[in-house]
Structure formats: C-alpha cells, structure tokens
Amino acid sequence: MYDITRHRLFKMAASALLSFVLLFAFGVAPACARGYSYSPYAEDNIQAIIDDVPMGDRWIQHLHEDLLPFWDMEEAFGDPIGNYPTYRCNDGSVYDPQAPCPELPGPIPYIVKPEREYVRAKSRQIFAYGVAYHLTGNSKYLLLAKAGVDYLRYNALAPEGGAYTYFEDGVGLPSEARRISQDMAYAVAGLGFYYYLTRDPEVLADIVALKNYIFDTYYDEEWGLLGWAHEDYVDYDKNPDGTIEYVYSNQRELVAQLDQVYGYMLLLTPTLPETFNGEPLRSQWEDDLVHLATIMSEQFYSPDKNYFFGAITKPLDQQLETDHTDFGHSIKTLWLIYEIGKLTGHYELTAFAQEAAPKILDKAYLPNGSWGRRENKNGSIETDKEWWILAELDQTAATFSLRDPSYAKYLTTTYDYWFDYMIDKQHGGVWHLVKGSDNQPNYDLPKQHSWKNAFHTFEHDLVGYITGQAIHDEPASLYFAFHDIPEDTQIRPYLFGAKVHSIKQPRIRLPIPGLTEIIVEFVDVR
899 MYDITRHRLF
909 KMAASALLSF
919 VLLFAFGVAP
929 ACARGYSYSP
939 YAEDNIQAII
949 DDVPMGDRWI
959 QHLHEDLLPF
969 WDMEEAFGDP
979 IGNYPTYRCN
989 DGSVYDPQAP
999 CPELPGPIPY
1009 IVKPEREYVR
1019 AKSRQIFAYG
1029 VAYHLTGNSK
1039 YLLLAKAGVD
1049 YLRYNALAPE
1059 GGAYTYFEDG
1069 VGLPSEARRI
1079 SQDMAYAVAG
1089 LGFYYYLTRD
1099 PEVLADIVAL
1109 KNYIFDTYYD
1119 EEWGLLGWAH
1129 EDYVDYDKNP
1139 DGTIEYVYSN
1149 QRELVAQLDQ
1159 VYGYMLLLTP
1169 TLPETFNGEP
1179 LRSQWEDDLV
1189 HLATIMSEQF
1199 YSPDKNYFFG
1209 AITKPLDQQL
1219 ETDHTDFGHS
1229 IKTLWLIYEI
1239 GKLTGHYELT
1249 AFAQEAAPKI
1259 LDKAYLPNGS
1269 WGRRENKNGS
1279 IETDKEWWIL
1289 AELDQTAATF
1299 SLRDPSYAKY
1309 LTTTYDYWFD
1319 YMIDKQHGGV
1329 WHLVKGSDNQ
1339 PNYDLPKQHS
1349 WKNAFHTFEH
1359 DLVGYITGQA
1369 IHDEPASLYF
1379 AFHDIPEDTQ
1389 IRPYLFGAKV
1399 HSIKQPRIRL
1409 PIPGLTEIIV
1419 EFVDVR
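Add 898 to the 1-based position in the sequence shown for the working numbering, that's all there is to it.
Below you can see the structure in the form of structure tokens.
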C-alpha cells in the first residue's frame, strides 16, 4: 500500500474525524460514504492543498536527477547524433540482438519489433530535448533537438508526401498506402516543438506540408473523420506468442483525431502566422481544431459511460476493456477539448470538458492516493500504473487547478506516488508499468521501446513546472531560441495562456547560427 508522509496522515485523520463528527451531529455523510474518492483534505482547506503542491524547483530537480540520467547518456544520442535508437535496455545500453538484455529478448507484441527503427520514437525524443532546453537554457539540449530535427527532415519525409513510419536497414517504410495517420501525427511532434522554441521558417514549411498531407489524404468524407490507413495488410507476424498484428483501412480510431491535436496542432496554432505562402494558416488550423474536437465529442464520446471509446469501427468496440478505452485516453481528450475551447472561443467545448473531466478524475483516484488505469466491465478499477496514463491524469488535474485550486487535492498524493515508485532510482528514467498490487515495476517491460520514449515524462515535468509555479502565484521562466522574436501574444508557456511579464536576453551566443536566446517570464497562467 502506498505510504504518504506523516503530516498527510495527520491531515487525513483529522479530516476523517471531522467527517464523522458532521455525520453524527448534523446528518452529513462523509465524502467516502457518498461514493467519492478519498482525499486527505477538506474541500475548503485550499491553502493546505496549495502548500503541498510542488513548486517549480521540484520539477527542475526531477528533470536533472530522475529523467536526464537516462536520456543524457551517449547511448541515447544515436549514430549519427540525432538518429536516436528506438530500443535501449533498462540500464541505458543500446539493444544488441546478439546478446539481448532480459527486458528486450526479441519481439514483444505491439511494442518491440527489433528490426524496425521508428520515426515516432525519434520525433518524441526531439520533444524531450526541447523540453530540457526550455526549462534549463542548456544549449546542449537545443543542439540535440536540432540534430534530431535535421535527421528526420532529411531522412523521414517521403518524396510523395507525408512521412515514413519506420526504417529497416536504413530504408523508409512502409509503402504510402500502409502508413497510419496517427504515426504521421507523431512524426510532426518533434518538429513542432522545435518550431515552438525557434520559429524556424524552414521547419514550419515541412510542418505545414505534413499537416496538409494528413488532412488531404486521410479525411473520410463519408464518416466525417480522419481515417487510419489506405489498405488492409498484416503489419507484423513475428511475435513469439503467435499473435498477428493487422491494419485495416476501415478502422475508425480516436487517436487518429486526438493525436493530431496532441502531437502538434494545439501547441502550434497560436504561434502560427496568419497566412503562409499566401494562404490562411492560423485561422484554418483553429477551424480544424474545433472540427476535431467536435468529431471526438460527437462520435467517440459515450454520455452514459462518460468515456471516449478508443474505436467505433464496429459495435463491439464500443464498450469497456477495449483498446484505448481507458482513463488516459479519455482524460487526455477532455484536457485537449478544454484547451481548444479556450483557444478558439468555443466555450461550449470548454463547458463540456469541465463537466465530464472531474467525473473521470474522481473515478480514477484510488484510496491509496494514486491513479487507476481503467474501469473494468464489472465496475472495478484496474490499479496497475501505466506511465503515460498517470501523466495525463496529473496534467489534467493540474490544468483544472489553475481555474479551481481544489483540483490540486489529487496532486498532493499522485505526484508523490510518481516520484516514489515510477522512477528507476538506479539508472534514471520512468518505468513502463508499476503493479498496483505491490507498487513494484514490471521488469519484463523495457523503459524505452517503439511507443515509449521520453515524450510523456518530459511533458509531465514541463506541465508540473508551469502549473506548480502558477498555483503558488509565482512566475514561470522558460528559455526560447528565436530566429525573430515574435509578438508577446504569440509566446506562450506550452499549451497554456499567460501574460508575458518580462523578456530577458542573456549575453551569450548560441551554438546555432541565427538564433537569439531569450528568457520569458510568464504570469497569470491559465
């Protein structure tokens, strides 16, 4: 069982005593009796909640002590630098098929295909080094991010349009008809974060071309959503358990829509010029964001269950315990719909998310102060901890705490769980899965694979830093390296709105020609 600190135990005991006093004196049922998740705080004790939320310096410490040790190894940088390896062992060494480490013995269904080097993994690592620069100003990480950007721009962009999904023996694959729209989104993610930091016009040109390709070639007019692939095929048949992985052109997947928003569109839209090559750009992306939010809320959302189904291809997909129907995908979708509503002025989207998200946070929050993974058909909650689901739940609760600090009541224990149990204390980095039964990692799963890179953990750190400073009414300072310094209204702290309080220009020369480093201090984050 998860151990919380002694002062929190005291608060929990005091809160429980108060609840039962109210119950017997006034007939008021305590929160746990009303079916709500347990919280160690009285709802109106906002100052106690805020006091226990980590401030920004804790997240900078987390970056240096927990995350970077695994991603700052030379083995992570690739050969050449920027061609980051998709697979590494839990000690950080590069996977060797002739002498595999225990967690990478060969193919693992859906996450490890050793002969493939995935574009999405390389792109996500660009994002991570971008975050490291953003938070520290250490130009080493900006150089690493640019090396990854250069590698993808010269190797991963397909001449017929779009991007390859993976490389085998240096060859970009698969054929155009077999590329998946979700993979396209994550091919853009690293380029997108680098553009957010620099506003490099050449990188923007590639981003716009990729986005246009996705929307032009994958949009299904009949269903009114972004499709999955253009032909049916067997994707992988080498799994040791005999499973065969298929791709079907008629798959209607939540993540085909969601990850366009999450991978690049929501971050970049407020930073874009109004026109590009004589065509509308920012306003078009805003319209597309609203369209995607509408698709997800109208086609994938179940009002009865208050979940987003991971797929709606066939009726059997639309139930619990199916792929991508979990707390992580549902809360992430609501977080992004909430932000789309704020950004575009479509406050009906914001209101929708404000009503639905708290119910998921409440259901996912477990009595031991951690998050659950998903709801089972019998109503029980799966308690195993998958790294990215914990991150998404934390990030949404943190975002909502900017509007209502009482939402931070979850974070006072879920953050501690993350720091105490999700980190590999020996080699750094974050475990793929920690078992809910004993809070021990599943050592059979690698910390780095085709779907698990540094993206979610570094985003979690960045959001924790920004919101941690904001809830304590302290400014958030972030580093940028611009080609041309834009207007204040186009400089934002990640996905959040804020006021630029000050801009400082250090007297240093960046190692990338044409870039000017500035430190932006943000206040009034929302």
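All residues carry an ideal CB built from backbone N, CA and C; glycine is no exception.
Keep in mind it's a predicted model, so treat the numbers as computed, not measured.
- Taking a 10 Å sphere around the C-beta of GLN1158, we find 16 or more other C-beta atoms and assign the residue as buried.
- When the five nearest sequence neighbours on each side are left out, the beta carbons in the same chain lying within less than 6 Å of the beta carbon of PRO1344 are those of GLU1001 and LEU1002, in order along the chain.
- Contact between LEU1124 and SER1079 holds, with the beta-carbon distance rounding to 5 Å and staying under 8 Å.
- Under the 10 Å beta carbon count, ALA997 is surrounded by fewer than 16 other beta carbons and is classified as exposed.
- Around the CB of ARG1097, 16 or more other CB atoms lie within 10 Å, so the residue is classed as buried.
- For TYR1319, no alpha helix (DSSP H) segment is defined, and its DSSP state is neither H nor E.
- In the DSSP assignment, PHE1174 forms a beta bridge with GLU1177.
- GLY980 is positioned such that its CB atom lies no closer than 7 Å to that of ALA1087.
- Taking each of LEU1190, GLU1120 and PHE1174 in turn and checking the Cα distance to ALA1154, the smallest one comes out for LEU1190.
- The alpha-carbon of PRO1012 is positioned some 16 Å away from that of GLY990.
- A direct Cα-to-Cα measurement between THR1310 and PHE1317 gives close to 11 Å.
- Rounded to whole angstroms, the separation of the alpha carbons of ARG1405 and HIS1227 is 43 Å.
- Within a 10 Å sphere around the beta-carbon of LEU1214 sit fewer than 16 other beta-carbons, which makes this residue exposed.
- Per DSSP, LEU1376 is one residue of the beta strand (DSSP E) stretching across 1374-1380.
- Residue burial is scored here from C-beta neighbours: ALA1127 has at least 16 other C-beta atoms within 10 angstroms and is therefore classed as buried.
- The beta carbons of TYR1146 and ASP1130 sit closer together than 7 Å.
- Taking all protein chains shown into account, THR1141 has fewer than 16 neighbouring C-beta atoms within 10 Å of its C-beta and is therefore exposed.
- If only complete runs of 4 or more residues are kept, the segment 1334-1401 shows the alpha helix (DSSP H) at 1353-1369, in order along the chain.
- In this chain, the beta strand (DSSP E) harbouring THR1414 covers 1414-1421.
- Per DSSP, GLU973 is not a residue of any alpha helix (DSSP H), being assigned neither H nor E.
- Residue environment: TRP1121 is assigned as exposed (fewer than 16 neighbouring CB atoms within 10 Å of its CB, all protein chains considered).
- The residues GLY1226 and HIS1354, in chain order, have a CB closer than 7 Å to that of TRP1286 in the same chain once the five nearest residues on each side in sequence are set aside.
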